[in-house]
Amino acid sequence: MSEIINVDVINSLLKEQPTEKKVDEILNKALMLKGLNLQESATLLNVEDDKLLDKIFHAAKELKEKIYGKRIVLFAPLYASNYCSNNCVYCAFRRDNKCITRRHLTPQEVVEEAKALMNQGHKRIILLTGEEYKKAGLDYLEEIMDRIYHEKVFNGEIRRINVNIAPLDVEGFKRLNSFGIGTYQLFQETYHRETYTTVHPSGKKSDYDWRLEAMDRALEAGIQDIGIGPLFGLADYKFETLATLMHAQYLDTKYGVGPHTISVPRIEPAEGVAFSQNPPDQMSDKEFKKIVALIRLAVPYTGLVLSTRETPELRHELLQLGVSQISAGSKTNPGGYSLYKDSSEQFEMSDSRELDEIVLKLAQGDFIPSFCTSCYRKGRTGKDFMDLAKPGLIKRFCNTNALLTFKEYIEDYGSDELKKAGNALIEKEVSAVEDEKIKAEAKRKLERIQNGERDVYI
Ligand code: SAM
Ligand code: SF4
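Sequential numbering of the sequence shown, starting at 1457, is according to my numbering.
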């Protein structure tokens, strides 16, 4: 039995009660970019008082600004298949769900979907499938990834393909890695073993340890960037958050590489799945804001990913509290971008805005929409990335690359309204760069983009 998650330790830490003095001390430590240990995280998790919560939100905002500046990375999911041999009780794709229309896209159809995303201006996607090796095995993934990477539409191309597929053995992960993936993302769903067993009644996914140890196998196989997360709504949110941080700490201690990203999905209603309409442990929006702020403070170097499961209003608030990457214009049904209106989605989304609307809103809200994929192509991954991210040095690359990729987007896809707002924002941000060398480089590269060059980055 895996020893990554120690339930007794989590339960005993969750008895930590916050006092104002303790909270202040913890927040001061967090603001020095030192991260938080599990005890400190548990103390903040137990804060219910509004005044103390405000202090946590304030600190998270300050730290987010310090490490990430104003950039928000954008991506879109690409669902290749909704066939699945598992029976997760919360998911529309579960094997026994007879209410949905299933689709398995051919490689050519996946490329069509990728082209639809390129036409919107996306540069970074996450590829997802149900667990169905006969249909969506590694040969299939190899072909579709190769074809997507070689496809171009006008100035559009997909430069980074992250992957969220069922866990593999070490040999399988080695092969997956050789296809040129970005981050391998996998959610534990719930770290609570008994709950896990109940909500995954059959199929390969019913093995808790196989899933929990997936990241060990992925790292052993040489995958550089991994993304973890729970699916909130299955078990107590405090337990899940602390367990996620325990998992992160375990990976960091053992491999010297913490998770590249932590995602914070909440269960959404899914067609034909009564469980998803009323999950047993759904947290409130206020609790959600608390855990986003806490994760930001506890693991400042880790990207925090939010999907279109949440409403635009809540997403905007969570961006300020710590979220650094969001999906935009998402469809969770295979073929949903360009081919099939009839295939069924995995769950309902609360933010159905198109990418261009989200980009405009971000720019108007003083955020810099980023399509950057530079670290991955410059080899700033795994431990090299962490060595820059932990002391807060990655920001100088990220901010410049955010401006460059935003400029590219404005030139190729921007409406007049976005051109006006976006160019003004870029100008303001460039003049605010303190380091004169970086400022000059950013100006030179922005001019090259203005003159028609593409894929310019540092
Ligand atoms: N099938 C693979 C697996 O489960 O590992 C690949 C990922 S699945 C397509 C993506 C994720 O969707 C799951 O890990 C789960 O957390 C999430 N999901 C499933 N049903 C959901 C629902 N009703 N609401 C929100 N997220 C859901
Ligand atoms: Fe299949 Fe993944 Fe949905 Fe479970 S969450 S039913 S494994 S697609």
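Ideal placement from N, C-alpha and C gives every residue a C-beta, glycine not left out.
Asked: Is residue 1800 near the ligand SAM, going by C-beta to nearest heavy atom under 8 Å?; Found: no
Asked: Contact defined as beta carbons within less than 8 Å: I believe residue 1491 pairs with residue 1537. What is the distance between those atoms, to the nearest angstrom?; Found: With a Cβ gap of about 38 Å, residue 1491 and residue 1537 do not count as contacting.
Asked: Would you check if there are 3 or more beta carbon pairs closer than 8 Å linking the region 1696-1707 to the region 1476-1496?; Found: yes
Asked: Is the region 1626-1641 in contact with the region 1663-1680, if contact means three or more CB pairs nearer than 8 Å?; Found: yes
Asked: Since residue 1733 is in the alpha helix (DSSP H), which residue starts that stretch and which ends it?; Found: 1730-1733
Asked: Buried or exposed for residue 1821, going by 16 or more other Cβ atoms inside 10 Å?; Found: exposed
Asked: Quick one: give me the first and last residue of the alpha helix (DSSP H) that residue 1818 is part of.; Found: 1811-1820
Asked: To test your reading of the DSSP string, which unbroken beta strand (DSSP E) runs of 3 or more residues are found completely within the region 1701-1762?; Found: 1717-1719, 1759-1762
Asked: Beta carbon of residue 1587: closer than 8 Å to some heavy atom of the ligand SF4?; Found: yes
Asked: Using a Cβ-Cβ cutoff of less than 6 Å, which residues in the same chain neighbour residue 1925 once the five nearest sequence positions on both sides are dropped?; Found: The chain is shown from 1457 up to 1914; residue 1925 falls before or after that span and cannot be answered.
Asked: Could you work out which residue in 1805, 1553, 1559, 1591 is closest to residue 1764 when comparing CA atoms only?; Found: 1805
Asked: Can you list, in chain order, the residues of its chain whose CB lies under 6 Å from that of residue 1616, leaving out five sequence neighbours each side?; Found: 1580, 1638, 1829, 1832
Asked: So, helix, strand or coil for residue 1593, using DSSP?; Found: coil
Asked: So what does residue 1580 bridge to, in DSSP terms?; Found: 1616
Asked: Considering only their Cβ atoms, is the gap separating residue 1535 from residue 1792 smaller than 9 Å?; Found: yes
Asked: Could you check whether residue 1753 and residue 1500 sit closer than 9 Å to each other, using their CB atoms as the reference points?; Found: yes
Asked: Tell me the residue span of the alpha helix (DSSP H) that contains residue 1798.; Found: Residue 1798 -> no alpha helix (DSSP H), and no H or E assigned at all.
Asked: Which full runs of the beta strand (DSSP E) of 3+ residues lie inside the region 1513-1537, going along the chain?; Found: 1527-1537
Asked: Find out if the Cβ-Cβ distance for the pair residue 1533, residue 1583 is shorter than 9 Å.; Found: yes
Asked: Where does residue 1609 sit, in a helix, a strand or coil, going by DSSP?; Found: strand
Asked: Does the separation of the CB atoms of residue 1640 and residue 1699 fall below 9 Å?; Found: no
Asked: Please find out if some non-hydrogen atom of the ligand MG comes closer than 8 Å to the beta-carbon of residue 1629.; Found: Of the ligands this structure carries, namely the ligand SAM and the ligand SF4, none is the ligand MG.
Asked: Indicate the three-state DSSP secondary structure (helix, strand or coil) for residue 1560 in the structure shown.; Found: strand
Asked: Return the residue from the list 1914, 1879, 1907 that minimises the CA-CA distance to residue 1893.; Found: 1914
Asked: Round the Cβ separation of residue 1511 and residue 1483 to the nearest angstrom and send it over; I've been treating them as touching at under 8 Å.; Found: 6 Å
Asked: Is residue 1536 near the ligand SF4, with its Cβ less than 8 Å from a heavy atom?; Found: no
Asked: Quick one: is residue 1609 buried, meaning 16 or more other Cβ sit within 10 Å of its Cβ, or exposed?; Found: exposed
Asked: For residue 1779, verify whether its CB is less than 8 Å away from any heavy atom of the ligand SAM.; Found: no
Asked: Can you find a heavy atom of the ligand SAM that lies under 8 Å from the Cβ of residue 1548?; Found: yes
Asked: In the DSSP assignment, find the unbroken alpha helix (DSSP H) run with residue 1764 in it and report its ends.; Found: It is not in any alpha helix (DSSP H) - residue 1764 carries neither H nor E in the DSSP assignment.
Asked: Does the distance between the C-beta of residue 1659 and the nearest non-hydrogen atom of the ligand SF4 fall short of 8 Å?; Found: yes
Asked: Relative to the C-alpha of residue 1563, which residue among 1599, 1543, 1846, 1459 is closest?; Found: 1599
Asked: By the DSSP assignment, the beta strand (DSSP E) with residue 1781 in it spans what residues?; Found: 1781-1783
Asked: The ligand SAM and residue 1662: does the residue's C-beta get closer than 8 Å to at least one heavy atom of that ligand?; Found: no
Asked: For a test of the three-state rule: what should DSSP assign to residue 1641, helix, strand or coil?; Found: strand
Asked: Residues in the same chain with beta-carbon distance under 6 Å from residue 1823, minus the five sequence neighbours each way, listed in chain order, please.; Found: 1526, 1528
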